[in-house]
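Novice:
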Amino acid sequence: MSGATTPATEAPALQDRDVEPRTPMKRLGSTRKLAAFSNIRIQLSEQTRVLEARAEAAAGVAGELHEYCRRRADLEHEYSRALDKLARTAHQRHKDQKHKREQWPLTGAFACWQAALENTRALSRDHAALGELYGGPLAARLQRAADDALRLHRKCRDIGEPVFVHIGIVR
Numbered sequence: 001m002s003g004a005t006t007p008a009t010e011a012p013a014l015q016d017r018d019v020e021p022r023t024p025m026k027r028l029g030s031t032r033k034l035a036a037f038s039n040i041r042i043q044l045s046e047q048t049r050v051l052e053a054r055a056e057a058a059a060g061v062a063g064e065l066h067e068y069c070r071r072r073a074d075l076e077h078e079y080s081r082a083l084d085k086l087a088r089t090a091h092q093r094h095k096d097q098k099h100k101r102e103q104w105p106l107t108g109a110f111a112c113w114q115a116a117l118e119n120t121r122a123l124s125r126d127h128a129a130l131g132e133l134y135g136g137p138l139a140a141r142l143q144r145a146a147d148d149a150l151r152l153h154r155k156c157r158d159i160g161e162p163v164f165v166h167i168g169i170v171r
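Residue numbers (the UniProt record's numbering): 1 to 171.
1) Please report the straight-line C-alpha distance between glutamate 56 and alanine 139, rounded to a whole angstrom.
2) On the criterion of 16 or more Cβ atoms from any shown chain inside 10 Å, does methionine 1 qualify as buried, or is it exposed?
3) Check for me: the alpha helix (DSSP H) holding leucine 51 runs from which residue to which?
4) Roughly how many angstroms separate the alpha carbons of threonine 31 and asparagine 39, rounded to a whole number?
5) Am I right that leucine 142 and alanine 62 are in contact with their C-beta atoms under 8 Å? What's the rounded C-beta distance?
6) Checking 8 Å against the spacing of the C-beta atoms, do arginine 125 and alanine 87 come in under that value?
7) For glutamate 76, does the count of other Cβ atoms within 10 angstroms reach 16, so buried, or fall short, so exposed?
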């Protein structure tokens, strides 16, 4: 074992030229690097614009779908009420004029008429359920998706803003 130790030397003091801010040319070293970094900045700026457009489009589509579902729910409810009213009036008219239609149950057409009424009632219930689906959970999920898309876009923009300022992209 040798008792060799490394000599303790002090680091050289900083000179004035080492402390002063360097120009982009001195910092990067060549015009080729400067052009490459400029190209990267342009590409990053363009990608940011494209992402902003996509986020706005996604939020817009989700918002339009939400509005569509809300209106569709209104129409489904209205159609359901109209079908129900049709079935009830036909049934009531039959009930009111039962004395004139005593022979109807003996005909095959009567079974068709009753099947048509039952089908109308079932269709009314189905459209009411569709209206509830369009107006309830589906519309709420679409609105939440639109809000989430905008929230994520804002968060990404807020995170990226200091980086853009640091690398010199004017926003």
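Don't be surprised by glycine CBs; every beta carbon is placed ideally from N, CA and C.
Specialist: Taking the geometry as given:
1) In this model, glutamate 56 and alanine 139 are separated by some 19 Å (Cα to Cα).
2) Only weak support exists for where methionine 1 lies, its pLDDT of 49 falling under 50; the value from the coordinates is given anyway. Label assigned to methionine 1: exposed.
3) 31 to 96
4) Looking at the backbone, the Cα of threonine 31 and that of asparagine 39 are separated by about 12 Å.
5) Between alanine 62 and leucine 142 the Cβ distance is about 5 Å, and since that is below 8 Å, they are a contact.
6) no
7) buried
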